Structures are given as C-alpha cells and as structure tokens.
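Trainee: Shown below is the structure under consideration.
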Ligand SMILES: Cc1cc2nc3c(=O)[nH]c(=O)nc-3n(C[C@H](O)[C@H](O)[C@H](O)COP(=O)(O)OP(=O)(O)OC[C@H]3O[C@@H](n4cnc5c(N)ncnc54)[C@H](O)[C@@H]3O)c2cc1C
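In my numbering, the protein residues as written are 352 to 709.
In structure tokens, the structure reads:
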C-alpha cells in the first residue's frame with residue numbers, strides 16, 4: 352500500500368477540478384485492503400471512496416484520505432438454462448462490461464451502455480437509463496466495512512436501492528468499500544426494454560431509432576446500438592467537456608402540483624415514482640405523486656445552452672452541466688446553487704443534487 356501526500360485529483364474527477372487530497376491510496380489487491388484496515392489513517396482520517404470520478408464535485412481540497420479501489424477481474428459464478436451470474440470487481444469499467452455482456456448475448460444491461468463508471472460507482476449510484484436500472488440485475492454486493500475490516504455480502508434488498516441511490520451512497524456513505532458485485536442476467540433475451548419515450552424530444556423515441564437501424568426481431572446488440580445513437584445525439588461527451596451528466600435528481604411532486612406546473616411549462620412529462628421509465632401511454636395521473644424531468648424545468652428557465660464563465664448547461668440537455676475544465680469547484684457549486692434557488696422561487700420545487708458534493 353502506497354500512501355501519497357497532497358495528491359492532485361484533477362485527473363481523477365470528470366469536471367477536472369484542480370484540488371488535492373491530503374492523503375491518497377489506490378487499492379489493487381487483498382494485501383492493500385488488510386494494510387489499509389490496520390493503518391492509522393483509517394482510524395484518524397476522514398475517508399472518501401473514489402470510483403472513476405464521474406459523479407463527484409470537489410468544491411475544495413479533501414482534508415482526509417481518498418481511497419481509490421481498483422480491484423480488477425470478472426468471472427461466471429453460476430449458470431442455469433435461463434440465467435447467468437457474473438461476479439465483477441469494483442475497478443472494472445462499466446461500459447466494457449456492458450459491451451462484453453452484449454457480445455455474449457447476456458441480456459439485462461444493454462440500455463445502460465455509455466454510462467461512464469466503475470463497477471463500484473455504478474452499484475453505489477444505482478445507475479439507470481432508457482428504462483433499465485442496475486438494481487434490477489444486482490444479485491448481491493461484496494464490501495469491506497472500513498470501520499472494522501469485516502467483509503460483508505449485501506443481498507439486493509440490503510443494498511436499499513432507491514432512485515439513484517443505495518445504502519452505499521446514503522446512510523453508510525464511505526463506510527463500505529464495495530469490492531465486487533454479482534449480476535444476474537438473462538441468457539434468453541426475449542424481454543427487450545424499448546418503451547423509452549420523451550415527450551419534448553427532437554431526437555425521436557428509442558423505438559424509432561431502432562426502426563432506423565435494424566429490423567424486427569431486434570437483438571440486444573440492436574438495442575445497445577440504438578441507445579448509443581440516441582445518447583450521442585443529446586448528451587455531452589466527456590472528451591469535449593468536463594461533465595458528470597445530470598446534476599439534479601428528477602423531483603417528485605403531487606399530482607395537483609404537476610397539473611399546475613403543466614400550465615406553465617409546456618409538454619411537461621411525468622412518470623411513475625418507483626422507476627425512471629418514460630413510457631408513451633402511461634397514465635401518470637393515477638398516481639398520487641409523480642416524477643417530473645428536472646431538465647425540462649431548467650430548460651424553461653432559459654439555462655439550456657447558456658454559459659456563465661467556465662460553466663454552462665449543455666445546449667442539447669438542460670440537466671447536464673458542462674465546463675471547459677478550467678472551472679473551480681466553487682464556481683460550479685455557486686452556479687448549481689443559483690439554479691436551485693431560481694427553481695424554488697419560480698416553481699416552488701426543491702431540487703436535490705444527484706452528484707456527490709465535497
Ligand atoms: C456524460 C455522462 C453521462 C451520464 N449518464 C448517466 C446515466 O444515463 N445514468 C446514470 O445513472 N448516471 C449517469 N451518469 C453519472 C455517472 O456515470 C454514474 O453516477 C457513475 O456510476 C459514477 O461512477 P464512478 O465510478 O465514476 O463513481 P464516482 O463518481 O467516483 O463516485 C460516485 C459514488 O460512488 C461511490 N463509490 C465509487 N466506487 C465505490 C466503491 N468501490 N465502494 C463504495 N462506494 C463507491 C463514491 O464514494 C461516490 O459516492 C453520467 C455521467 C456522465 C459523465
């Protein structure tokens with residue numbers, strides 16, 4: 352285990368914010384974990400577990416120990432006629448895993464392509480997109496309790512998954528270091544998720560995209576390609592911008608509130624509270640509460656495509672903050688706070704941050 356002092360985190364966070372960690376350690380094997388658990392640092396210092404830095408905003412130097420788990424590898428742990436169970440270590444790249452699964456015709460995560468993430472980050476954040484949620488395929492998660500060094504296996508239920516969150520992101524944040532996760536996927540891909548639909552979109556639905564590139568019966572490779580095409584049309588590329596994707600969660604409002612907001616914000620969509628799935632024929636008003644797209648609300652306030660110094664809101668997606676990688680963490684945070692304030696003032700909606708702010 353090699354503890355580094357005053358380590359720059361600029362290249363380890365997607366916004367490219369220029370901050371330092373007082374202490375920094377990369378964990379690549381079991382021995383590193385044991386040494387870390389037995390070290391003085393773990394007892395004395397404030398801890399932050401860092402994945403690939405795609406959902407994290409540093410507003411200042413981190414005055415403690417940043418632990419970067421980078422355990423690699425994956426293996427098939429069980430298989431029957433219908434399903435396959437694959438254990439993947441925390442430092443593996445999420446996108447490479449999705450591509451590998453699609454290549455092998457293992458279904459269940461093809462819509463989650465192009466989400467920049469480590470396995471550990473994806474499991475902690477409960478990533479979701481285009482109608483699929485990682486929580487639906489997580490069988491169990493192995494983690495080390497940094498408070499006492501014990502290993503623990505969390506069942507899916509024990510992960511306490513909620514919208515874009517889990518026990519690892521909320522209550523026990525930075526306590527459990529996820530070492531690996533087991534995913535249960537389908538070997539007989541017959542249940543493709545292609546119902547994703549956005550009401551105010553210039554880019555068409557997922558199904559329309561599929562029609563333009565493939566013929567029925569669609570394969571999971573077709574679905575993955577359609578998602579790649581759709582994402583490419585509307586989301587910022589990390590090659591071009593400092594970005595963590597969506598910065599706020601989509602707010603939950605009462606049915607009455609949604610009806611009144613719809614009068615002010617044209618084509619305001621809503622969808623069920625339980626899952627982030629936009630579907631065409633959903634009767635949202637059967638529900639007491641609905642979720643509404645924060646991006647549409649921010650768009651209505653005129654932020655889409657506008658830059659304020661080194662930060663702005665992406666021109667094709669008003670929920671994605673972008674920077675030129677010269678912005679300070681404070682500059683980004685101040686911008687986010689001003690949007691949050693304006694949304695509250697104009698629409699009386701409390702936006703919650705999706706990104707992790709330190
Ligand atoms: C262009 C772009 C598009 C995006 N699109 C989507 C999208 O469609 N859907 C979506 O859900 N997200 C999306 N995101 C957000 C982001 O990709 C995810 O949140 C991702 O899972 C973050 O993973 P990470 O490894 O970078 O984690 P980090 O940002 O490093 O950390 C995120 C959280 O996970 C914790 N963590 C990381 N690794 C571990 C571990 N091993 N053990 C315990 N805790 C850990 C951290 O402490 C932190 O709380 C997008 C981001 C970008 C940049």
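Ideal Cβ placement from N, Cα and C applies to all residues, glycine included.
Treat the numbers as computed from the prediction; the structure is a model and nothing was measured.
Rounding to the nearest angstrom, what Cα-Cα distance links residue 513 and residue 466 in this structure?
Mentor: Numbered from its first residue, the chain shown carries residue 513 at position 162. Numbered from its first residue, the chain shown carries residue 466 at position 115. Each residue's alpha carbon lies about 18 Å from the other.
Trainee: Is the region 665-672 touching the region 591-605, taking contact as three or more C-beta pairs under 8 Å?
Mentor: yes
Trainee: Could you give the residue range of the alpha helix (DSSP H) that holds residue 426?
Mentor: Locating residue 426 in the chain shown gives position 75, counting from the first residue. Looking at the DSSP string, residue 426 is not in any alpha helix (DSSP H); the run it does join, the beta strand (DSSP E), is 425-430.
Trainee: Look at residue 599 and residue 693 and say whether their C-beta atoms are less than 8 Å apart.
Mentor: Sequence index remark: in the chain shown, residue 599 carries index 248 (1-based). Sequence index remark: in the chain shown, residue 693 carries index 342 (1-based). No. Outside cutoff.
Trainee: Going by the beta-carbon positions, is the gap between residue 464 and residue 575 smaller than 8 Å?
Mentor: Residue 464 sits at position 113 when you count from the first residue of the chain shown. Residue 575 sits at position 224 when you count from the first residue of the chain shown. A contact, by the Cβ cut-off of 8 Å.
Trainee: Restricting to Cα atoms, I'd like to know which of 650, 365, 560, 608 is closest to residue 708.
Mentor: Translated into the one-based positions of the chain shown, residue 708 becomes position 357. If we check each option's Cα against that of residue 708, 365 comes out closest.
Trainee: Residue 677 to residue 539, Cα distance in whole Å?
Mentor: Here the question's residue 677 lines up with position 326 in the chain shown. Here the question's residue 539 lines up with position 188 in the chain shown. So the two alpha carbons sit approximately 47 Å from each other.
Trainee: Quick check: the region 440-455 against the region 543-563, are at least 3 beta-carbon pairs closer than 8 Å?
Mentor: no
Trainee: What would DSSP say about residue 448, mapped onto helix, strand or coil?
Mentor: In the chain shown, residue 448 corresponds to position 97, counting from 1. If DSSP states are grouped into helix, strand and coil, residue 448 belongs with the helices.
Trainee: Between residue 408 and residue 378, how many whole angstroms is the CB-CB distance? I'm expecting something under 8 Å.
Mentor: In the chain shown, the residue the question calls residue 408 occupies position 57. In the chain shown, the residue the question calls residue 378 occupies position 27. With a Cβ gap of about 23 Å, residue 408 and residue 378 do not count as contacting.
Trainee: Which of the three DSSP states is assigned to residue 570 in this structure?
Mentor: In the chain shown, the residue the question calls residue 570 occupies position 219. Correct three-state label for residue 570: coil.
Trainee: Which complete beta strand (DSSP E) runs does the region 671-697 hold, if anything under 3 residues is left out?
Mentor: 671-674
Trainee: Whole angstroms are fine: how far does the CA of residue 673 sit from the CA of residue 699?
Mentor: In the chain shown, the residue the question calls residue 699 occupies position 348. In the chain shown, the residue the question calls residue 673 occupies position 322. Residue 699 and residue 673: Cα-Cα distance of roughly 25 Å.
Trainee: So residue 494 is in the beta strand (DSSP E); what residue range does that whole segment cover?
Mentor: Locating residue 494 in the chain shown gives position 143, counting from the first residue. Counting along the chain, the beta strand (DSSP E) containing residue 494 begins and ends at 489-496.
Trainee: What is the DSSP secondary structure of residue 595, reduced to helix, strand or coil?
Mentor: Residue numbering aside, residue 595 sits at position 244 when the chain shown is read from its first letter. In the structure shown, residue 595 sits in a strand (DSSP, three-state: E or B).
Trainee: Can you tell me where the beta strand (DSSP E) with residue 642 in it begins and where it stops?
Mentor: In the chain shown, residue 642 corresponds to position 291, counting from 1. 640-642 is the span of the beta strand (DSSP E), which, as asked, contains residue 642.
Trainee: Excluding the 5 residues preceding and the 5 following residue 370 in the sequence, name in chain order all residues of the same chain whose CB lies nearer than 6 Å to its CB.
Mentor: Position 19 of the chain shown, counted from the start, is the residue given in the question as residue 370. 360, 409, 412.
Trainee: What is the DSSP secondary structure of residue 475, reduced to helix, strand or coil?
Mentor: Residue 475 sits at position 124 when you count from the first residue of the chain shown. If DSSP states are grouped into helix, strand and coil, residue 475 belongs with the helices.
Trainee: Taking only three categories from DSSP, how would you classify residue 512?
Mentor: Against the chain shown, residue 512 aligns to sequence position 161. Residue state, collapsed to three classes: coil.
Trainee: Any heavy atom of ligand 1 inside 7 Å of the beta-carbon of residue 540?
Mentor: Here residue 540 refers to the residue found at position 189 when the chain shown is read from its first residue. Distances from the CB of residue 540 to the heavy atoms of ligand 1 are all 7 Å or more.
Trainee: From this set, 492, 515, 384, which residue's C-alpha is nearest residue 506's C-alpha?
Mentor: For the purposes of this step, residue 506 is identified with residue 155 of the chain shown, where counting begins at 1. That would be 492, whose Cα lies nearest to the Cα of residue 506.
Trainee: For residue 315, I'd like the list of residues in its chain whose CB is within less than 7 Å of its CB, leaving aside the five on either flank, ordered along the chain.
Mentor: The question about residue 315 has no answer, for the chain in this structure spans 352 to 709.
Trainee: Could you check where the alpha helix (DSSP H) with residue 565 kicks off and where it finishes?
Mentor: Numbered from its first residue, the chain shown carries residue 565 at position 214. No alpha helix (DSSP H) contains residue 565, which DSSP labels as neither H nor E.
Trainee: Would a C-beta distance cut-off of 8 Å place residue 621 and residue 641 closer than the cut-off?
Mentor: Within the chain shown, numbered from 1, the residue matching residue 621 stands at position 270. Within the chain shown, numbered from 1, the residue matching residue 641 stands at position 290. Yes, Cβ-Cβ distance for residue 621 and residue 641 is below 8 Å.
Trainee: Do residue 527 and residue 487 have their beta-carbon atoms positioned less than 8 Å apart in this structure?
Mentor: Along the chain shown, one-based indexing puts residue 487 at 136. Along the chain shown, one-based indexing puts residue 527 at 176. No, these two residues do not count as a Cβ contact at 8 Å.
Trainee: Measuring alpha carbon to alpha carbon, tell me which residue in 652, 587, 578, 686 is nearest residue 483.
Mentor: On the chain shown, residue 483 is found 132 positions in, with the first residue counted as 1. The closest CA to that of residue 483, considering only 652, 587, 578, 686, is found on 578.
Trainee: My output table needs one value for residue 379: the three-state DSSP class, helix, strand or coil.
Mentor: The count along the chain shown starts at 1 and reaches residue 379 at position 28. Here residue 379 sits in coil by DSSP.
Trainee: Let me check understanding here. Comparing Cα to Cα, which of 443, 478, 612, 462 lies closest to residue 542?
Mentor: Residue mapping note: residue 542 aligns to position 191 of the chain shown, counting from 1. The candidate whose alpha carbon is nearest that of residue 542 is 462.
Trainee: Sorted by chain position, which residues of the same chain lie with C-beta nearer than 6 Å to residue 571's C-beta, five sequence neighbours on each side aside?
Mentor: The residue labelled residue 571 in the question sits at position 220 within the chain shown. Closer than 6 Å at the Cβ level, and outside the excluded window around residue 571, lie 453, 458, 461, 540.
Trainee: Could you say if the region 425-438 and the region 392-406 meet the contact criterion of at least three C-beta pairs nearer than 8 Å?
Mentor: no
Trainee: Just the C-alpha distance for residue 655 and residue 418, rounded to the nearest angstrom, thanks.
Mentor: The residue labelled residue 655 in the question sits at position 304 within the chain shown. The residue labelled residue 418 in the question sits at position 67 within the chain shown. Whole-angstrom Cα-Cα distance: 35 Å.
Trainee: When DSSP labels each residue in this structure, what does residue 580 get in the three-state scheme?
Mentor: What you label residue 580 is simply residue 229 of the chain shown in a count that begins at 1. Residue 580 falls in the helix class under three-state DSSP.
Trainee: For my contact list, residue 298 and residue 581 are in at a C-beta cut-off of 8 Å; report their separation, rounded to the angstrom.
Mentor: Past the edges of the chain, shown from 352 to 709, lies residue 298, and the structure says nothing about it.
Trainee: Where DSSP assigns a beta bridge to residue 409, which residues make up the other side?
Mentor: Locating residue 409 in the chain shown gives position 58, where the first residue counts as 1. DSSP output for residue 409 lists no bridge partner at all.
Trainee: Check for me: the alpha helix (DSSP H) holding residue 392 runs from which residue to which?
Mentor: The residue you call residue 392 lines up with position 41 of the chain shown. Its alpha helix (DSSP H) spans residues 391-395.
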